[in-house]
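So the structure is just underneath, and the comments pick up after that.
Number of protein chains: 2
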Amino acid sequence: MFDKENAVIGFIGTGVMGRSMAGHLLKAGYRVLVYNRTKAKAGDLIDAGAVWKDSVAAAASEAQGVITMVGFPSDVEEVYLGKDGIVAHSRPGSYLIDMTTSSPALAVEIYSKARAKGVYSLDAPVSGGDVGARNAALTIMVGGDREAFEAVEPILKIMGANIILQGGPGAGQHTKMCNQIAIATTMIGVCEAMAYARKAGLDPSRVLQSIGAGAAGSWSLSNLAPRMMGGDFAPGFYVKHFIKDMKIALEAAAEMGLSAPGLTLSKELYDELAAAGENDSGTQALYKLFCG
Amino acid sequence: MFDKENAVIGFIGTGVMGRSMAGHLLKAGYRVLVYNRTKAKAGDLIDAGAVWKDSVAAAASEAQGVITMVGFPSDVEEVYLGKDGIVAHSRPGSYLIDMTTSSPALAVEIYSKARAKGVYSLDAPVSGGDVGARNAALTIMVGGDREAFEAVEPILKIMGANIILQGGPGAGQHTKMCNQIAIATTMIGVCEAMAYARKAGLDPSRVLQSIGAGAAGSWSLSNLAPRMMGGDFAPGFYVKHFIKDMKIALEAAAEMGLSAPGLTLSKELYDELAAAGENDSGTQALYKLFCG
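So the protein lines, in turn, are chains A and B. The opening residue of the first sequence carries number 1 in our numbering; numbering runs sequentially from there. The opening residue of the second sequence carries number 293 in our numbering; numbering runs sequentially from there.
Take a look at the structure:
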């Protein structure tokens, strides 16, 4: 489907992640139409050959494939389901791929409304962050129909390295929620362990040499504990975005009747952190609550 | 100090861990005296050349080095500080090494009382479990004086692979507490993520392919989530021992004025699990609370 000669891809949302991802598509030879709320953030892509469109509708109506990487579920809803949105303006037979981390229920709704118009829809959130986006090494967790997945897989492979169809509509978002849930409480443990180390008068970096490689080991302990210890609270992954994700996960868990006391606690702690003015810090700033 | 020709090592506690550890010392050529509450559990070691002693005092009074690997802090206290205990019966100039996971405050007390008798004392708890003990690959976290550490380091190297002096008396136990604290909340996240996956109708093993290697990754996710999914709740690491460790950590945290809501939650959940009859299961049985 998506041969480079003929396929036009609309790319909505050219923030830190979207910019790198759309850049890979351009470099691979695809024709890319871009739209972003703030045009300036699409400047580099336009310089690299992307075509600017003045609205979501304009980008969607000319594309065989539309990729979105926006902010919050409310943005996803507006961009897809608003009267000037993608579903209303997409071409029959086209493919919609939402790569935003968003609500599984909303992904199902978009899928249904797209399908009613003869349009394919996939939810395909990612992990790997800005570095993964830059290196085309993202993990992409996909939900939707296999036929649609296989049609767009060549495009996904240009942006990611670990691309898995997890199930039907919403399954990509659900998988991303599993990812965020595992991170949520792990972060508490890393902060408490490091705060304990400091309070006990230990050398935290020496402690990491003892505990980092064994049963206490985690990506967060290896990558974020050293930043906490060094007073580096720059994002990586923003507190405000993590709170958004945990809110989605808690809502989905509640709908499924799943008790999630660890996730609940983590959301409470991060809300407290945000209220203390740390919304734009990296998630490792949680350490400040324990050892501020 | 501990040359194989002349050194006699007393080994108190020949359970699953101690048996392997003392066995390595024997194989390395040391003379080993053993005592255990249940003599039968020392049978293999006696067959391999260890000399049985009928009491802690008898084992301690003839040894240049005494190693203990017992159960609970109350056992450590009795074995070291009781009137028939190690400190009362150890030889001046000898070395005491408690490898049990126990209370940092108790380690400091033993150190002081030993020192008053001219005896060296180290706290040296381990991680790596029965497999690490069997393969002489334990991580050993040591607290005490450097001089004593260096004197016994050749012995520790026979049992472990990652041996670090973490600080003064109690620092080994404190480091082990950091280890257990990091595990405690990570386990909640792993259980909640896997329970979410199942409730959402995802294939948990496929989910692990998406989330296992990235920012959600942890030793627990890689090693224990598959056991949860397979219904394998055999110990590895016993629920009852983990509860013991969390209790020590919570007490130490309280003494230091450290708030540890994640650890508190984990202890509550594991207490609930124990009350449901899972004391002798592996720690991955926590999953049953979420998806029983």
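We put the beta carbon where it would ideally sit given N, CA and C, even for glycine.
What are the residues that DSSP puts in a beta bridge with residue i?
{"i": "Val434 of chain B", "result": "B:Leu457"}
{"i": "Gly315 of chain B", "result": "None; Gly315 of chain B has no bridge partner."}
{"i": "Tyr387 of chain B", "result": "B:Gly357 and B:Tyr412"}
{"i": "Leu325 of chain B", "result": "B:Gly302 and B:Val343"}
{"i": "Gly282 of chain A", "result": "A:Tyr238"}
{"i": "Gly549 of chain B", "result": "BP columns for Gly549 of chain B are empty, so no partner."}
{"i": "Gly160 of chain A", "result": "A:Leu138"}
Helix, strand or coil: how does DSSP classify residue i here?
{"i": "Leu122 of chain A", "result": "strand"}
{"i": "Gly18 of chain A", "result": "helix"}
{"i": "Glu127 of chain A", "result": "Checking the displayed sequence, the identity of residue 127 of chain A turns out to be Ser instead of Glu. In this structure, Ser127 of chain A counts as strand in the three-state DSSP scheme."}
{"i": "Gly217 of chain A", "result": "coil"}
{"i": "Gly71 of chain A", "result": "coil"}
{"i": "Ala193 of chain A", "result": "helix"}
{"i": "Ala28 of chain A", "result": "coil"}
{"i": "Lys4 of chain A", "result": "coil"}
{"i": "Phe233 of chain A", "result": "coil"}
{"i": "Lys651 of chain B", "result": "Because chain B in this structure spans residues 293 to 584, residue 651 of chain B falls outside the shown range and cannot be described."}
{"i": "Ser210 of chain A", "result": "helix"}
{"i": "Gly462 of chain B", "result": "coil"}
{"i": "Thr175 of chain A", "result": "helix"}
{"i": "Thr101 of chain A", "result": "coil"}
{"i": "Lys113 of chain A", "result": "helix"}
{"i": "Gly424 of chain B", "result": "helix"}
{"i": "Gly569 of chain B", "result": "helix"}
Just to confirm the assignment, what range does the alpha helix (DSSP H) spanning residue i have?
{"i": "Asp203 of chain A", "result": "Looking at the DSSP string, Asp203 of chain A is not in any alpha helix (DSSP H), and its letter there is neither H nor E."}
{"i": "Thr264 of chain A", "result": "Pro261 to Leu273"}
{"i": "Lys333 of chain B", "result": "Counting along the chain, Lys333 of chain B falls outside any alpha helix (DSSP H), and DSSP gives it neither H nor E."}
{"i": "Leu516 of chain B", "result": "Neither: Leu516 of chain B is in no alpha helix (DSSP H) and is coded neither H nor E."}
{"i": "Lys580 of chain B", "result": "Tyr579 to Cys583"}
{"i": "Ala380 of chain B", "result": "Ile378 to His381"}
Are the CB atoms of residue i and residue j nearer to each other than 7 Å?
{"i": "Gly217 of chain A", "j": "Trp511 of chain B", "result": "yes"}
{"i": "Ile158 of chain A", "j": "Leu25 of chain A", "result": "yes"}
{"i": "Ile243 of chain A", "j": "Phe2 of chain A", "result": "no"}
{"i": "Ala63 of chain A", "j": "Val131 of chain A", "result": "no"}
{"i": "Ile12 of chain A", "j": "Val56 of chain A", "result": "yes"}
{"i": "Ile378 of chain B", "j": "Ala352 of chain B", "result": "yes"}
{"i": "Gln166 of chain A", "j": "Leu494 of chain B", "result": "yes"}
{"i": "Gly554 of chain B", "j": "Thr478 of chain B", "result": "no"}
{"i": "Gly504 of chain B", "j": "Leu513 of chain B", "result": "yes"}
{"i": "Ala182 of chain A", "j": "Gly420 of chain B", "result": "no"}
{"i": "Ser102 of chain A", "j": "Pro73 of chain A", "result": "yes"}
{"i": "Thr175 of chain A", "j": "Ser558 of chain B", "result": "no"}
{"i": "Ile389 of chain B", "j": "Leu414 of chain B", "result": "yes"}
{"i": "Glu591 of chain B", "j": "Ala260 of chain A", "result": "Residue coverage of chain B in this structure runs from 293 to 584, which leaves residue 591 of chain B outside it and unanswerable."}
{"i": "Pro396 of chain B", "j": "Ala544 of chain B", "result": "yes"}
{"i": "Ile402 of chain B", "j": "Ile432 of chain B", "result": "no"}
{"i": "Ala324 of chain B", "j": "Tyr387 of chain B", "result": "Strictly speaking, residue 324 of chain B in this sequence is Val, with Ala absent from that position. Contact flag unset, no."}
{"i": "Val34 of chain A", "j": "Ala58 of chain A", "result": "no"}
{"i": "Thr392 of chain B", "j": "Val362 of chain B", "result": "yes"}
{"i": "Phe529 of chain B", "j": "Ala577 of chain B", "result": "no"}
Starting from residue i, find everything on chain C with Cβ-Cβ shorter than 9 Å and list it in chain order.
{"i": "Arg498 of chain B", "result": "Among the protein chains in the structure shown, which are A and B, there is no chain C."}
When you measure from the CB of residue i to every non-hydrogen atom of the ligand ZN, does any distance come out below 6 Å?
{"i": "Ala161 of chain A", "result": "The ligand ZN is absent from the structure shown, which contains no ligand whatsoever."}
Closer than 7 Å between beta carbons: that is the criterion. Which residues of the region 122 to 147 of chain A meet it against chain B?
Ser127, Gly128, Thr139 and Met141
Pull out every residue of the region 178 to 194 of chain A whose Cβ sits closer than 9 Å to any Cβ of chain B, in chain order.
So the close ones are Cys178, Asn179, Gln180, Ile181, Ala182, Ile183, Ala184, Thr185, Thr186, Met187, Ile188, Gly189, Val190, Cys191, Glu192, Ala193 and Met194.
What residues in the region 542 to 553 of chain B have a beta carbon less than 8 Å from any beta carbon of chain A?
So the close ones are Ala544, Ala545, Met548, Gly549, Leu550, Ser551, Ala552 and Pro553.
Between the region 96 to 112 of chain A and chain B, which residues of the former have a C-beta closer than 9 Å to a C-beta of the latter?
Result list: Pro104.
Output, in sequence order along the chain, the residues in the region 24 to 43 of chain A whose CB is closer than 7 Å to any CB in chain B.
none
Output needed in chain order: residues of the region 523 to 538 of chain B with a Cβ under 7 Å from some Cβ in chain A.
none
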